[in-house]
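Protein chains in written order, with the working numbering: chain A, 93 to 336; chain B, 93 to 336; chain C, 93 to 336.
For every residue, glycine included, the Cβ atom is placed at its ideal position computed from N, Cα and C.
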Amino acid sequence: MFEITVKMDVLKEIVGVVSTLVEEVKFNAEPEGITIKAVDPAHVAMLVMELKPEAFEKYDAKGLAFAIEVDKLKDLLKLGGGDDTVVMHHDEEKNRLVANLGNLKKEMSLLDLTGMSDPKVPQLNLEAFVVLSVGELGRGIKASESVSEHVALSAEKDQFIISAAGDRDSAELVLGKDELVEINTPESMRSLFSLDYFSSMVKAIGGKGDVKIFLGKEYPMKMVFSIADGNGDVTYLLAPRIEE
Amino acid sequence: MFEITVKMDVLKEIVGVVSTLVEEVKFNAEPEGITIKAVDPAHVAMLVMELKPEAFEKYDAKGLAFAIEVDKLKDLLKLGGGDDTVVMHHDEEKNRLVANLGNLKKEMSLLDLTGMSDPKVPQLNLEAFVVLSVGELGRGIKASESVSEHVALSAEKDQFIISAAGDRDSAELVLGKDELVEINTPESMRSLFSLDYFSSMVKAIGGKGDVKIFLGKEYPMKMVFSIADGNGDVTYLLAPRIEE
Amino acid sequence: MFEITVKMDVLKEIVGVVSTLVEEVKFNAEPEGITIKAVDPAHVAMLVMELKPEAFEKYDAKGLAFAIEVDKLKDLLKLGGGDDTVVMHHDEEKNRLVANLGNLKKEMSLLDLTGMSDPKVPQLNLEAFVVLSVGELGRGIKASESVSEHVALSAEKDQFIISAAGDRDSAELVLGKDELVEINTPESMRSLFSLDYFSSMVKAIGGKGDVKIFLGKEYPMKMVFSIADGNGDVTYLLAPRIEE
Chain A
93 MFEITVKMDV LKEIVGVVST LVEEVKFNAE PEGITIKAVD PAHVAMLVME
143 LKPEAFEKYD AKGLAFAIEV DKLKDLLKLG GGDDTVVMHH DEEKNRLVAN
193 LGNLKKEMSL LDLTGMSDPK VPQLNLEAFV VLSVGELGRG IKASESVSEH
243 VALSAEKDQF IISAAGDRDS AELVLGKDEL VEINTPESMR SLFSLDYFSS
293 MVKAIGGKGD VKIFLGKEYP MKMVFSIADG NGDVTYLLAP RIEE
Chain B
93 MFEITVKMDV LKEIVGVVST LVEEVKFNAE PEGITIKAVD PAHVAMLVME
143 LKPEAFEKYD AKGLAFAIEV DKLKDLLKLG GGDDTVVMHH DEEKNRLVAN
193 LGNLKKEMSL LDLTGMSDPK VPQLNLEAFV VLSVGELGRG IKASESVSEH
243 VALSAEKDQF IISAAGDRDS AELVLGKDEL VEINTPESMR SLFSLDYFSS
293 MVKAIGGKGD VKIFLGKEYP MKMVFSIADG NGDVTYLLAP RIEE
Chain C
93 MFEITVKMDV LKEIVGVVST LVEEVKFNAE PEGITIKAVD PAHVAMLVME
143 LKPEAFEKYD AKGLAFAIEV DKLKDLLKLG GGDDTVVMHH DEEKNRLVAN
193 LGNLKKEMSL LDLTGMSDPK VPQLNLEAFV VLSVGELGRG IKASESVSEH
243 VALSAEKDQF IISAAGDRDS AELVLGKDEL VEINTPESMR SLFSLDYFSS
293 MVKAIGGKGD VKIFLGKEYP MKMVFSIADG NGDVTYLLAP RIEE
């Protein structure tokens, strides 16, 4: 049983986040909402998305898991504007996802679920965190891009630092308390990450809103933000790179 | 004898239509207007364009046929805005087409007409037709693009359907009487076409205005629309593909 | 000693001009301003730029010559808007150029100056000149592009002509006294140039403002324009091509 009505804008947010890590995505639809758990093929990053029924214009689902190529959802996004709504249901007989956009109907084949088990989400012990605008993260990423393939995130007392060091060049963005929404660092933390992964994740958040980053010492980071007007939560986990 | 003044906007429409099918185009200029007849190299589609003298700001021509590379006309379009006018005349001595855009002059060499005879336009017996906005056609094409390389056009009583079926996915746009300008189908018609050709043709029509499509049963289609503020008519013919 | 504050817009103009000819640039900074002299690798064109201290928001420099990859400055331009200012200083210990954009810091390694001597600027005897808007030059270039790889510049009494002739096609823009700001031609001048070089140079001038072109007979041309709100001067020299 699966029949939902969703705004194109919300579908776009969902697809945007999912496509940063995987090309095929599994949806778990239950009465309390939809859950997506995915790891990228290189096992460097993980994503957990939880969408409440309120994220949708209409929501009616129970006990259905299905997987689909992300590109099919991307193609669907091209067929309407952000304010349009799309009605989607599961055709059990043909095992297809059927989308209706007004007088337009699209039937999309689903993937075999065999072997597509949900990844186990690791428990991380991350005491330090910082809340900041996506825009500031974007500036730090842009400055790092020409310098190195890695970016270091550091949290110190009242400061969050995005930095990159190449062989001979370096870039550094220092954000003080006034430029952050919140910061909590019992002690100094610092970890190095793949700039490529981090940059894709930040792009998926979109321009608006804040993001909460949990940091450790040479430890995975956790990035949490909300989508679908606050009715959906996304958690990204990203494994660290070893500093030379 | 050939000397005309044409608005860049009108020239752009003409070049846009012609360039969907051919890279070299032959113009037949007579006192009653210009006629262009062209088939694409694969002989899948044909185009007939008729431009009245009123399509031009000034028109003075008689008994001149000349052929030119379409790219030369495209280059000319880059040299001015849509409201600019270009004066074109035939330099008989050099056998060149000379274009003047204000203080800018361009001389373009013409092609040898030997062997460039006008194609014979087939007489088609097409009883069903539908008139609709180009925008609706565009939606149907976009939905079909990710599904198949072919698109089926069907006309039934009060319905015009654009559909595509791939191995496992499908797309379908059903347009009812309210979404059509006019429909006339003595009986159900359906033919399959190359999506690529159909899509190029629809793009050449431009965003505004309506188009009239004549359909048969596994038979060529005819698409008719006007350009140059109603002072020019275009007819596209497109051969069908065989349904598997 | 080198510490300056510069508007991003001005830095963009400087980098735009320099990047037309070279990938590595040497700055000579003295109390009376910055001088840049560069030739392109093929020795077809030369550039002399002089920036007064007034071109900068703050300027404090003496006896420093340094060279840097132009791409590093281009990357810097991406980190702020046109009205932002960047503070740059020379870190003598590390021999780096350090740029601060608000809370963002970038350290850029410098190039070894060995062998990077300033080119000697030739004395040219050019009596004819014309002053015109960059927009008119752009039109002439666009018309020439599809015709030939060379462009001829001619100055006659009261006329400046940009023309190109291919094997069978030709383009010509004739600018009369009314379309020019100023013209001074003791006798007719004409030289042929690489369209590629000429086009890059004209693009670097930007959309606004006038440019002064000095012409001879099959002789190098000199193109002079100002940047940084009149506080900087650029001279381009371009060697002629031989007419066949």
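What are the residues that DSSP puts in a beta bridge with GLN251(A)?
Under DSSP, the beta-bridge partners assigned to GLN251(A) are GLU248(A), GLY268(A).
LEU171(A) at chain B interface by Cβ criterion, 8 Å:
yes
So, helix, strand or coil for LYS314(A), using DSSP?
strand
Which value, in whole angstroms, describes the spacing of the CA atoms of ALA263(A) and LEU189(C)?
12 Å
Give the residues of chain B in contact with MET200(A), contact being defined as C-beta atoms less than 7 Å apart.
In chain order: ASP261.
Check whether the Cβ of LYS314(A) lies closer than 8 Å to any Cβ atom in chain B.
no
For the alpha helix (DSSP H) containing GLU241(A), name the first residue and the last one.
Careful: GLU241(A) lies outside any alpha helix (DSSP H) and carries neither H nor E.
Run of the beta strand (DSSP E) containing MET208(A), from where it starts to where it stops:
For MET208(A), no beta strand (DSSP E) run applies, since DSSP gives it neither H nor E.
Endpoints, alpha helix (DSSP H) assigned at GLY125(C):
From DSSP, GLY125(C) is part of no alpha helix (DSSP H) but of the beta strand (DSSP E) over 125 to 131.
Per the DSSP calculation, ASN217(C) is bridged to which residue(s)?
Residue pairing for ASN217(C): DSSP places it in no beta bridge.
Minimum C-alpha distance to GLY232(B) - residue among LEU193(A), ILE319(A), PRO145(A), THR97(A)
LEU193(A)
Could you check the C-alpha separation between LYS304(A) and ALA235(A) for me, to the nearest Å?
21 Å
Over the uninterrupted alpha helix (DSSP H) stretch that includes ILE297(C), give me the two end residues.
For ILE297(C), the uninterrupted alpha helix (DSSP H) segment begins and ends at 287 to 297.
Let me check understanding here. Comparing Cα to Cα, which of ALA220(C), GLY125(C), GLY227(C) lies closest to SER246(C)?
ALA220(C)
Could you tell me whether the Cβ of ALA235(B) comes closer than 8 Å to any Cβ of chain A?
yes
Note down, in chain order, every chain A residue with its Cβ under 8 Å from the Cβ of PHE300(C).
Sequence inspection shows Lys at residue 300(C); the Phe mentioned does not correspond to that position. Residues of chain A passing the Cβ test: none, with the nearest at roughly 28 Å.
Assigned exposure category for VAL213(C) - 16 Cβ within 10 Å defines buried
Exposed, by the Cβ-count rule.
Chain B contact residues for ASN195(A), given Cβ-Cβ distances below 8 Å:
LEU265, VAL266, LEU267, GLY268, GLU271
Which partner residues does GLY324(C) have in the DSSP bridge list?
LEU143(C), ILE319(C)
So what's LYS164(B) in DSSP terms, helix, strand or just coil?
helix
Using a Cβ-Cβ cutoff of less than 6 Å, which residues in the same chain neighbour PRO145(C) once the five nearest sequence positions on both sides are dropped?
GLY125, TYR151
So, is the C-beta of ASP167(A) closer than 8 Å to a C-beta in chain B?
yes
Would you say SER240(B) reaches chain A, if we count a Cβ-Cβ gap shorter than 8 Å as a contact?
no
Write down the C-beta distance between VAL294(B) and PHE252(B) rounded to the nearest angstrom, noting that I regard them as a contact closer than 8 Å.
In fact, because the Cβ distance is near 14 Å, the residues do not count as touching under 8 Å.
Got a sec, what are the start and stop residues for the alpha helix (DSSP H) VAL100(A) sits in?
The residue you asked about is not Val; residue 100(A) is Met in the sequence shown. Counting along the chain, the alpha helix (DSSP H) containing MET100(A) begins and ends at 100 to 110.
For GLY174(B) and PHE148(C), I'd like the C-alpha separation in whole angstroms.
41 Å
Short CB-CB distance (under 8 Å) between VAL326(B) and chain D
The structure shown contains no chain D; its protein chains are A, B and C.
Residue nearest to LEU156(C) in terms of C-alpha spacing, selected from HIS181(C), VAL226(C), GLY322(C):
HIS181(C)
Would LEU203(C) pass as a contact of ALA256(C) if the rule is Cβ separation under 8 Å?
no
Nearest-angstrom Cα distance between LEU265(B) and VAL178(A)?
14 Å
Could you work out which residue in ILE96(C), HIS242(C), VAL136(C), LEU307(C) is closest to LEU113(C) when comparing CA atoms only?
Put simply, of ILE96(C), HIS242(C), VAL136(C), LEU307(C) the residue whose alpha carbon is nearest the alpha carbon of LEU113(C) is VAL136(C).
Neighbour-count burial assignment, ILE254(C), 16 or more Cβ in a 10 Å radius:
buried
Compare the C-beta of ARG231(B) with all C-beta atoms of chain A and state if any pair is closer than 8 Å.
yes
Nonlocal neighbours in the same chain, by C-beta distance under 6 Å from TYR328(A), ignoring five residues either side
Once the five neighbours on either side are set aside, the close Cβ partners of TYR328(A) are LEU139, MET293, MET315.
Take the Cβ of LEU287(C) as the centre, count every other Cβ of all protein chains shown within 10 Å, and call the residue buried at 16 or more, exposed below.
buried
Pick from VAL117(A), GLU335(A), ASN276(A), LYS269(A): whose alpha carbon is nearest that of PHE285(A)?
GLU335(A)
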